[in-house]
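Visitor: My structure is below; once you've seen it, I'll send some questions.
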Ligand code: G3P
């Protein structure tokens, strides 16, 4: 399924309130908001909830991580093929909370491309963003680690890293989309991210921990409209 841009990617991480029945409820709410507003939303539920969430919603469901190993005689891993068979349409790669080696990033992008799984590679700085863009994932998501889970959005705290990343990546490959994340909380942050040249945002706590998730999601989506 081709992803329409701009996009809002909601990573549930392993937050207890977004796991098990909570994962299903949040994914269904995101799907509802997407169908009401026409906005492109993607959800990344906890790994063990992926299959059940994917079978319950029509919006794209992504894995939070996959391993670079082959399917078959490998125990305790999540392979690209496993994720795909469970209903994932894409995967996060190298999230700040699940860093992997550059050789593994390359292997996963390559294997995912062959399997028809989209990839969002998370990066922490310009040098890593450049290196990952050269591997041509679907998206690079710049997320300064120190701002993750905080109250100040990367779009306010460090707009320069976003603008620099967009410029660098577009100079390497026009087909790689750019997302930004860390501390994104509202429609203003989303609008700013787009103004800086990105194709959307990747966020977690702003939605998962919100008292009124529906209101927050509607506000975030309003930022896509420019
Ligand atoms: O994957 C999204 C993420 O790392 C940003 O988290 O809680 O700052 O939106 P948060």
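Residue numbers (my numbering): 24 to 249.
Even glycine gets a Cβ: it sits at the ideal position worked out from N, Cα and C.
1) Closest to residue 228 by C-alpha separation, out of 26, 243 and 35, would be which residue?
2) CB of residue 118 to nearest heavy atom of the ligand G3P: below 7 Å?
3) Going by DSSP in three states, residue 17 sits in which element: helix, strand or coil?
4) If I'm right that residue 69 touches residue 42 with Cβ under 8 Å, what's the distance once you round it to whole angstroms?
5) Leaving out the 5 sequence neighbours to the left and right, which residues in its chain are closer than 7 Å to residue 53 when beta-carbon positions are compared?
6) Near residue 147, what residues of its chain come up, given a Cβ to Cβ distance below 6 Å and the 5 sequence neighbours on each side ignored?
7) If you draw a straight line from the alpha carbon of residue 155 to that of residue 177, how long is it in whole angstroms?
8) The ligand G3P and residue 181: does any heavy atom of the ligand fall closer than 7 Å to the residue's C-beta?
9) Going along the chain, which unbroken runs of the beta strand (DSSP E) with 3 or more residues stay wholly within the stretch 175–210?
Guide: On the basis of the supplied data:
1) Taking the first residue of the chain shown as 1, we reach residue 228 at position 205. Residue 35 is the option with its Cα nearest to residue 228.
2) As a working note, residue 118 is residue 95 in the chain shown. Checking every heavy atom of the ligand G3P against the Cβ of residue 118, one is found closer than 7 Å.
3) Absent from the model: residue 17. The displayed extent of the chain is 24 to 249, so no value can be given.
4) Walking along the chain shown from the start, residue 69 turns up at place 46. Walking along the chain shown from the start, residue 42 turns up at place 19. Right, their Cβ atoms sit about 5 Å apart.
5) For the purposes of this step, residue 53 is identified with residue 30 of the chain shown, where counting begins at 1. Correct list, in chain order: 33, 64, 66, 82 and 240.
6) Start at 1 with the first residue of the chain shown, and residue 147 comes out as number 124. Closer than 6 Å at the Cβ level, and outside the excluded window around residue 147, lie 168.
7) For this step, residue 155 is matched to residue 132 along the chain shown. For this step, residue 177 is matched to residue 154 along the chain shown. Going by the C-alpha atoms only, they are around 20 Å apart.
8) On the chain shown, residue 181 is found 158 positions in, with the first residue counted as 1. No, the Cβ of residue 181 stays beyond 7 Å of every heavy atom of the ligand G3P.
9) 200–204
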